[in-house]
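Structure first, commentary second.
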């Protein structure tokens, strides 16, 4: 199982557009249907790891990132 901190570190390593699409995934549970195929490929492993960790991990990750933004 992937450590939550690893997912956070990966999220923060994404460039701005990829990070925006990763944020969309966190909030909605899916990648935006119009996400460019390069961004989809870039996020694929991160999305798979997050999905494998389960919905609670997605919520926890989002809460952690929102808390850090404050």
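Numbering (my numbering), first residue to last: 118 to 187. Even for Gly, the Cβ is constructed at its ideal location relative to N, Cα and C. Since we're looking at a predicted model, the values are computed, not measured.
Residue 178 and residue 124 do touch by the CB rule: their CB atoms are close to 6 Å apart, below 8 Å. Residue 152 and residue 131 have their alpha carbons spaced roughly 15 Å apart. Nearest in C-alpha terms to residue 120, of all of 185, 183 and 171, is 171.
When DSSP assignments are scanned along the segment 142-169, no uninterrupted stretch of alpha helix (DSSP H) that is 4 or more residues long falls wholly within it. Taking C-beta atoms as the reference points, residue 173 and residue 160 fail to come closer than 7 Å.
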